[in-house]
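The next block holds one structure in the form of structure tokens; read it before the comments.
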Amino acid sequence: MKIQGKLFIWLSVFLLIMAVTYGVWSREPVGTTALVLSFGLAIMIGFYLAFTANRVDAMAQDNKEADIADEAGEVGFFSPHSWQPLSLALGGAFLFMAVAFGWWLAYFSAPLLLIGLFGWVFEYYRGENRTPVCSHCARWIG
């Protein structure tokens, strides 16, 4: 995490220099404000990463002799057969189309979004994909 902190701090220095240069040359307040806010965001992230790097163990990216495979591991669990993202995508598409075509379309997109959201969240609580839990917790889940 040390390298990320350094990158963001250097990015913030660059953004500050560009904000001053842009502000002096253009005298345009909107772009200057955007660059100053970008500087503030980059310095906050850089300070947080540099501050946190001192409190965590060194990672493989901090070691110059490390291989790419040193940080390899399990990425996560991805459901191979879920239909819920399709429902969320259709509901989101209809909701964004409601902005262009009329808000009445939002009434049709809301059920799709809710079905997709609840289905994705509770996909492994019911049915054939139910995750086994301890007997004490099972009576609370149902």
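Residue numbers (the working numbering): -5 to 136.
Ideal Cβ positions, reconstructed from N, Cα and C, are used throughout, including at glycine.
Taking residue i as the reference, which of the options has the closest Cα?
i: Phe8; options: Gly(-1), Thr26, Phe33; result: Phe33
i: Trp31; options: Phe102, Leu43, Ser6; result: According to the sequence displayed, residue 31 carries Leu and not Trp. Among Phe102, Leu43, Ser6, the Cα nearest to that of Leu31 is on Ser6.
i: Pro74; options: Arg49, Gly67, Tyr118, Ala87; result: Tyr118
i: Leu107; options: Val24, Leu99, Gly86; result: Gly86
i: Gly(-1); options: Val18, Thr46, Met12, Pro23; result: Thr46
i: Ala100; options: Ile109, Leu89, Ser76; result: Leu89
i: Ser147; options: Lys(-4), Ile109, Thr26, Leu10; result: No information on residue 147 is available, as it lies outside the stretch -5 to 136 that the chain covers here.
i: Ala44; options: Ser103, Ile(-3), Pro105, Ala104; result: Ile(-3)
i: Glu65; options: Gly25, Glu59, Pro105, Met53; result: Met53
i: Leu35; options: Asp61, Arg21, Leu10; result: Leu10
Which of the three DSSP states, helix, strand or coil, is assigned to residue i?
i: Gly96; result: coil
i: Phe116; result: coil
Taking 9 Å as the CB-CB cut-off, is residue i touching chain D?
i: Glu68; result: Note that chain D does not occur in the displayed structure, where there is just one protein chain.
ask   = Is it a yes or a no for the stretch 110 to 120 touching the stretch 65 to 85, going by three-plus beta-carbon pairs under 8 Å?
value = With a cut-off of 8 Å, the stretch 65 to 85 and the stretch 110 to 120 count as touching, because enough Cβ pairs lie within range.
query = Residue ranges of each alpha helix (DSSP H) run of no fewer than 4 residues wholly in the stretch 14 to 78, ordered along the chain?
reply = DSSP runs (the alpha helix (DSSP H)) wholly in the stretch 14 to 78: 23 to 47.
request  = Decide if the stretch -4 to 5 is in contact with the stretch 37 to 56; the criterion is three or more beta carbon pairs, one per stretch, under 8 Å apart.
outcome  = Of all C-beta pairs linking the stretch -4 to 5 to the stretch 37 to 56, three or more are shorter than 8 Å, placing the two stretches in contact.
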